[in-house]
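As you go down the protein sequences, you meet chains A and B in turn.
Residue 10 is where the first sequence starts when you use the working numbering, and the numbers rise one by one after that.
Residue 135 is where the second sequence starts when you use the working numbering, and the numbers rise one by one after that.
Glycine included, each C-beta is placed from N, C-alpha and C at the ideal position.
Read through the structure below, which is laid out as structure tokens, and then see the notes.
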Amino acid sequence: AQSVTQPDIHITVSEGASLELRCNYSYGATPYLFWYVQSPGQGLQLLLKYFSGDTLVQGIKGFEAEFKRSQSSFNLRKPSVHWSDAAEYFCAVGSNDYKLSFGAGTTVTVRA
Amino acid sequence: DVKVTQSSRYLVKRTGEKVFLECVQDMDHENMFWYRQDPGLGLRLIYFSYDVKMKEKGDIPEGYSVSREKKERFSLILESASTNQTSMYLCASRPRRRGDTIYFGEGSWLTVV
Chain A
10 AQSVTQPDIH
20 ITVSEGASLE
30 LRCNYSYGAT
40 PYLFWYVQSP
50 GQGLQLLLKY
60 FSGDTLVQGI
70 KGFEAEFKRS
80 QSSFNLRKPS
90 VHWSDAAEYF
100 CAVGSNDYKL
110 SFGAGTTVTV
120 RA
Chain B
135 DVKVTQSSRY
145 LVKRTGEKVF
155 LECVQDMDHE
165 NMFWYRQDPG
175 LGLRLIYFSY
185 DVKMKEKGDI
195 PEGYSVSREK
205 KERFSLILES
215 ASTNQTSMYL
225 CASRPRRRGD
235 TIYFGEGSWL
245 TVV
């Protein structure tokens, strides 16, 4: 069975500082990996995804993530955070039967 | 633009009531999903459907059923609502191709009193 762990429940970061959100997954085969963002009261929006190939993936809004098979990780990064990046972020792993399993989420607060 | 529409954003229902949550997608996607979102638990899969009239249980199907009579519509049914079903419900859809993006609706907030 697949699973995802996001070790950080809540992160506070200053505007303009860098951000890194951690994600560890458990899956027996090559995973499909995703990062989604959710603003308050809204659905989830895809930031980026990894299927194969280059392990550094670029996404929308200036985010990137790096797949590290040896560490079973897919951490999300942004070099300079904007106040609009305050949201909840979810990492997800997909399996061959089309389902996604999600982590518990990391809430990001941006302080001025 | 991709669109997954959940017709009811906010509902308040009484314990024991039958509740229908409707979801429509306009992208001709084969696969549709219902997730439940609770603080600290992330999203948990209730049911999914890979074709019309086809359904499979997810991780937490107890107390729920689903209906997919048309490709674009996927309904979640709470046969007898209970207070522990108070939650945010998210519908999603994706094409059949493996690994492709899942698109989410904006969610339905259900409170059972």
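- Only residues of its own chain outside the window of five on either side were considered, and among them LEU179, ILE180, TYR181, PHE182 have a CB closer than 7 Å to the CB of GLY192 (chain B), listed in chain order.
- Assigned with DSSP and collapsed to three states, ILE180 (chain B) falls in strand.
- Close to PHE238 (chain B), with beta-carbon spacing below 7 Å, are these residues of chain A in chain order: GLY52, LEU53.
- Contact between SER110 (chain A) and VAL46 (chain A) is absent: CB atoms are separated by about 18 Å, not below the 8 Å threshold.
- Contact between LEU210 (chain B) and GLN219 (chain B) fails: their C-beta atoms lie close to 10 Å from each other, not under 8 Å.
- In the DSSP assignment, HIS19 (chain A) falls within the unbroken beta strand (DSSP E) covering 19-23.
- Residue-level contact check: PHE208 (chain B) does not touch chain A, since none of the beta carbons of chain A fall below 8 Å from its beta carbon.
- Of all residues in the segment 179-191 of chain B, those with a C-beta nearer than 9 Å to a C-beta of chain A are LEU179, PHE182, TYR184, GLU190, reading in chain order.
- Under the criterion of beta carbons closer than 8 Å, SER242 (chain B) and LEU145 (chain B) qualify as touching, at roughly 7 Å.
- Distances from the alpha-carbon of ASP160 (chain B) to those of B:GLU206, B:LYS152, B:PHE238 put B:GLU206 closest.
- The three-state secondary structure of GLN219 (chain B), taken from DSSP, is helix.
- Close partners of GLY197 (chain B) in chain A (Cβ separation under 8 Å) are lacking, with about 19 Å as the shortest Cβ gap.
- By the C-beta criterion, the segment 32-40 of chain A is judged to be in contact with the segment 76-89 of chain A, since at least 3 inter-stretch pairs fall below 8 Å.
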